[in-house]
Amino acid sequence: MRRLSDGAFHSGQDLACEFGLSRASVFNILGQAEKMGLCIHAVPGRGYRLPGRIDWLDCADILKQLGDEAGRFDVRVLDSVDSTNSALMKAALEGAPNGTVIAAEHQFAGRGRRGRTWHATPGGSLTFSVLWRFDGGLQAIAGLSLAVGLAIARVVNRRSAHAAQLKWPNDLIVGYRKLAGVLIEVQGDLDGPSFAVVGVGLNVRLRDAQREGIDQAVIDLDEMGVAIDRNQLLADSLREMRVVVDAFGRQGFAAVRDDWCALDAYAGRPVSLELPGSPSVHGVAAGVDDNGAFLLRGADGALHAYHGGEISLRLKAAR
1 MRRLSDGAFH
11 SGQDLACEFG
21 LSRASVFNIL
31 GQAEKMGLCI
41 HAVPGRGYRL
51 PGRIDWLDCA
61 DILKQLGDEA
71 GRFDVRVLDS
81 VDSTNSALMK
91 AALEGAPNGT
101 VIAAEHQFAG
111 RGRRGRTWHA
121 TPGGSLTFSV
131 LWRFDGGLQA
141 IAGLSLAVGL
151 AIARVVNRRS
161 AHAAQLKWPN
171 DLIVGYRKLA
181 GVLIEVQGDL
191 DGPSFAVVGV
201 GLNVRLRDAQ
211 REGIDQAVID
221 LDEMGVAIDR
231 NQLLADSLRE
241 MRVVVDAFGR
251 QGFAAVRDDW
261 CALDAYAGRP
271 VSLELPGSPS
281 VHGVAAGVDD
291 NGAFLLRGAD
301 GALHAYHGGE
311 ISLRLKAAR
C-alpha cells in the first residue's frame with residue numbers, strides 16, 4: 001500500500017517481482033486492502049494505485065515532530081496488530097517503560113468501550129495506545145480517561161473551527177457525532193505501583209462504506225476542515241497528553257476538572273443513564289466530580305454520582 005500511494009501506477013507483475021510474491025498473491029492482497037476500506041484504482045494495461053496521498057505513520061517523523069519531548073516516549077509503529085491496547089498491555093507486563101507508545105495502521109480486532117468494535121481504515125484513522133505508570137495505586141488513576149479525552153480535544157480545537165466537546169466518560173463529539181474515543185485498561189496494586197494502557201482512536205478520513213458499518217453517527221477531521229499530517233497529529237496528541245497526565249499525576253483529575261466541564265456537551269441537558277444490569281435512571285447532567293464520576297441531578301434536586309454507565313440525551317439530538 002505504501003508503494004501504491006506514490007501517485008504512480010504499478011503493474012501486478014512489477015509488484016510481484018518487487019515483493020517476491022506471485023501475481024495471485026498480489027491480487028489477493030489488493031482484495032484484502034479493499035475490504036479494509038482502501039480504494040484502489042485498477043486500470044488495464046497500467047496497473048494499480050491509490051487515488052490520493054496517504055501520510056503513512058513513520059516513527060522517525062513522529063519523533064522529529066515531538067522535538068524536545070521525544071525523549072519522554074518510546075514510539076513503536078506497527079503495520080497491523082489485533083489491538084494496540086492488547087499489544088501494549090503485553091509489553092507493559094513485560095516491563096515496558098512509562099511513555100511507551102504503540103501506533104498501528106490497521107487493527108483487525110480493535111476494541112472500544114463496553115466490548116464494542118472500533119472501526120478504522122489504514123491511512124484514514126489514528127489509533128494508538130500509551131503506557132502511563134503511577135506510584136499511588138489504582139485509586140489514583142480514577143478519571144484518567146476523562147483527562148486524556150480533554151488532551152485530545154485541546155489538540156483538535158487548536159486547529160478546528162468546529163469545537164470538539166466531551167461526552168462522559170470517554171468520547172469526543174462534534175454536533176453529537178463521534179469523532180474519537182478513549183479506552184483505558186489498568187493493572188496494579190490498590191496502594192502500590194500501577195499502570196494504565198490508554199488507547200485512543202481518532203477519525204481522520206472515513207470512507208462512506210466504513211461509515212455505513214458503524215452503528216452511531218460519526219464525523220472525521222476531514223469533514224471538519226482540519227488538514228493535518230497524521231504523524232504531526234500523533235506528536236501533538238502525545239505532547240498534550242504528557243502535559244495533562246503530569247498535572248493528573250500531581251493532583252488527580254481535580255487538576256483538570258474545570259477544563260473538562262467547560263467542554264462537557266451534556267451539561268444541563270436531560271439525559272438517561274443506562275447502568276449495567278439495572279434499570280436506566282433519568283435526570284439532568286451536572287458535570288463530573290473531582291474523581292471523574294458522572295453527576296446526575298434527580299427529580300428531587302439531589303446530586304447522585306455514578307462511576308459507570310452510558311449516557312444519552314432523553315430528547316433525540318440532531319445528528
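Quick note on numbering: the sequence shown equals residues 1 to 319 in the numbering used here. Think of the CB as a built atom: it goes at the ideal place given N, C-alpha and C, for glycine as much as any other residue.
List the whole-angstrom C-beta distance separating F253 from L146, where the pair is believed to meet the contact cut-off of C-beta under 8 Å. 6 Å
With a threshold of 16 other CB atoms inside 10 Å of the CB of A109, please say whether the residue is buried or exposed. exposed
Below 8 Å, how does it come out for the stretch 96-104 and the stretch 121-138: are there three or more Cβ pairs, yes or no? yes
When we look at the beta-carbon of K35 and count the other beta-carbons within 10 Å, is it buried (16 or more) or exposed? exposed
Where does A302 sit, in a helix, a strand or coil, going by DSSP? Under the three-state reduction of DSSP, A302 is assigned to coil, being neither helix nor strand.
Residue from D58, G188 and K167 with nearest C-alpha to I152: K167
Are the stretch 160-178 and the stretch 302-317 touching, with three or more C-beta to C-beta distances below 8 Å? yes
Please confirm if the stretch 65-78 is in contact with the stretch 38-49, defined as three or more CB-CB distances below 8 Å between the two stretches. no
Answer yes or no: do R150 and L66 have a C-beta to C-beta separation smaller than 9 Å? Reading the sequence as shown, one finds Leu at residue 150 and not Arg. Contact flag unset, no.
Straight-line CA distance for R319 to A217? Per-residue confidence for R319 stands at a pLDDT of 37, beneath the threshold of 50, marking its modelled position as unreliable; no derived number is given.
With DSSP run on the structure shown, which of helix, strand or coil describes I40? coil
Minimum C-alpha distance to Q232 - residue among A70, Q13, Q251 and G31: With distances taken between Cα atoms, Q232 lies closest to A70.
Rounded to whole angstroms, how far is the Cβ of G137 from the Cβ of D191, which I believe are closer than 8 Å? 4 Å
Which residue's Cα is closest to the Cα of V200: E105, L303, D14 and G20? E105
How many angstroms separate the CA atom of A16 from the CA atom of I54? Whole-angstrom Cα-Cα distance: 22 Å.
Does DSSP put T121 in a helix, a strand or coil? coil
Select from A293, D68, D236 and L202 the residue whose C-alpha is nearest the C-alpha of C261. The residue from A293, D68, D236 and L202 with its alpha-carbon nearest to that of C261 is A293.
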